[in-house]
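Here the structure is laid out as structure tokens; the discussion comes afterwards.
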């Protein structure tokens, strides 16, 4: 059942003092913060949010079987209709136009950070790729597509709803075409062309969050030998080559990702990158055994943890990975290392890298520290929106 706010709609009443986090800007209400629910809202329905004293605090999407019981939509009593989506998406689009004028690819909507909780939309050329990660957004997917067509007239809208996060709200995984006809898409980023099939690859088909970090790689690549670990579709490797690296060895375990990486290299006339299908941990050991050394090593692995309880195992994995990288990095060389899990906090990630360096007998100089590109905004006080961390180190 889909509902909009009315005078007799369901309401969620918070426990005493539990409104403090909401007032500080956090958009989630957890189930243990709720004192009482009046009415019978279903998962995905819109509810009023009220303090323990009965003060109106906003409206949000409700879910009765999720730790995140309510996701804030608005601090004002508005209807969640096509006009609401058009207004929020227009606001998000104006930011991207300011950040990247004329860009062919960018993240159009970044969930809670664009005040659209559980909604992610990427633009890849003339195609829009949508993820709905909350029951409320998923139930309104046709409405969202109507708004997107009215505002942007894309040739195609596809959904990449295979994220494991959907299971937290009892949503099935789906991939498919929502509007229009899908075809491979080509777009340019920093002078490099990429070809993407929106229905293939990880996440929404391309990691737009590393946009500025890919360009940054060129600063360290001129005239040096580069090792790119977990290269995926080749973004870092191709930028290293474009930055003047004479040779780049790019590793990944996915034959599909490597096929797309090779296509992207050919598309740009780049022939000095060797793409190799392998397990990165094993290959780092074999490179060390063969006394191979590199001047620039890039580590951009997939998430090592999806929950708090697996953080200790993830830290051990990151430590092992960095020790392997230090063994093949010449003294005075540069390490670029990223983590995309918000469960690994920036301080923890930096400590793991420092510990691996200590165990390897290496000394570090931190040169740069970055997050995601600006089209992935962060809400202050909401650490979940600051998930990407990338450090650039000189290793002595």
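Numbering (the working numbering), first residue to last: 191 to 586.
Cβ atoms here follow ideal geometry from the backbone N, Cα and C, with glycine treated the same way.
Buried or exposed (CB count within 10 angstroms, at least 16 for buried), residue i
| i | result |
| --- | --- |
| residue 380 | exposed |
| residue 295 | buried |
| residue 269 | exposed |
| residue 352 | exposed |
| residue 406 | buried |
| residue 300 | buried |
| residue 322 | buried |
| residue 418 | buried |
| residue 240 | buried |
| residue 547 | buried |
| residue 291 | exposed |
| residue 238 | buried |
| residue 549 | exposed |
| residue 365 | exposed |
| residue 312 | buried |
| residue 510 | exposed |
| residue 282 | buried |
| residue 512 | buried |
| residue 324 | buried |
| residue 551 | exposed |
| residue 175 | This structure cannot settle anything about residue 175, because the visible part of the chain is limited to 191 through 586. |
| residue 222 | exposed |
Cross-strand partners of residue i (DSSP beta bridge)
| i | result |
| --- | --- |
| residue 264 | 249 |
| residue 558 | 582 |
| residue 467 | 442 |
| residue 529 | 579 |
| residue 384 | 377 |
| residue 416 | 438, 486 |
| residue 522 | In the DSSP output, where bridge partners are listed per residue, residue 522 has none listed. |
Beta-carbon proximity list for residue i, same chain, < 6 Å, skipping 5 on both sides
| i | result |
| --- | --- |
| residue 169 | Lying outside 191 to 586, the shown extent of the chain, residue 169 is not represented and no answer is given. |
| residue 498 | 533 |
| residue 477 | 518 |
| residue 463 | 427, 431, 438, 440, 455 |
| residue 452 | 465 |
| residue 572 | 216 |
| residue 553 | 586 |
| residue 336 | 272 |
| residue 473 | 441 |
Residue i versus residue j: straight-line alpha-carbon distance, rounded
| i | j | result |
| --- | --- | --- |
| residue 383 | residue 363 | 30 Å |
| residue 413 | residue 496 | 38 Å |
| residue 574 | residue 532 | 6 Å |
| residue 347 | residue 420 | 28 Å |
| residue 234 | residue 361 | 11 Å |
| residue 226 | residue 489 | 47 Å |
| residue 545 | residue 441 | 24 Å |
| residue 568 | residue 481 | 42 Å |
| residue 534 | residue 319 | 27 Å |
| residue 258 | residue 368 | 27 Å |
| residue 443 | residue 541 | 27 Å |
| residue 537 | residue 543 | 10 Å |
| residue 251 | residue 326 | 5 Å |
| residue 304 | residue 386 | 25 Å |
| residue 401 | residue 245 | 43 Å |
| residue 502 | residue 212 | 30 Å |
| residue 316 | residue 555 | 42 Å |
| residue 232 | residue 253 | 7 Å |
| residue 334 | residue 215 | 25 Å |
| residue 265 | residue 446 | 44 Å |
| residue 275 | residue 470 | 43 Å |
| residue 468 | residue 459 | 24 Å |
| residue 330 | residue 375 | 26 Å |
| residue 415 | residue 394 | 31 Å |
| residue 267 | residue 203 | 16 Å |
| residue 284 | residue 328 | 24 Å |
| residue 359 | residue 391 | 23 Å |
| residue 475 | residue 582 | 22 Å |
| residue 522 | residue 249 | 54 Å |
| residue 243 | residue 307 | 26 Å |
| residue 528 | residue 199 | 45 Å |
Cβ-based neighbour list, residue i, same chain, cut-off 8 Å, excluding 5 preceding and 5 following
| i | result |
| --- | --- |
| residue 520 | 483, 484, 485 |
| residue 399 | 297, 530, 562, 563, 566, 578 |
| residue 479 | none |
| residue 309 | 299, 301, 320, 321, 322, 323, 324, 327, 334 |
Cut-off 7 Å between Cβ atoms - residues of its own chain near residue i, not counting five sequence neighbours on either side
| i | result |
| --- | --- |
| residue 201 | 228, 229, 237, 238, 240 |
| residue 220 | 257, 258, 259 |
| residue 354 | 496 |
Requested in this report: Please go through the segment 293–352 and give each complete beta strand (DSSP E) segment of 3 or more residues, from N-terminal end onward.
Outcome: The segment 293–352 contains these whole beta strand (DSSP E) runs: 295–300, 309–314, 317–322, 346–351.
**Report entry** beta strand (DSSP E) runs wholly inside the segment 356–381, at least 3 long, in chain order
**Finding:** Here the runs fully enclosed are 364–370, 375–379.
Query - Uninterrupted alpha helix (DSSP H) stretches inside the segment 482–520 (no shorter than 4 residues) - result: With a minimum length of 4 residues, the continuous alpha helix (DSSP H) runs that stay inside the segment 482–520 are 501–517.
Report task. May I have a chain-ordered list of the beta strand (DSSP E) segments no shorter than 3 residues that lie completely inside the segment 200–260? Result -> Listed in chain order, they are 201–204, 218–220, 224–228, 236–240, 246–252.
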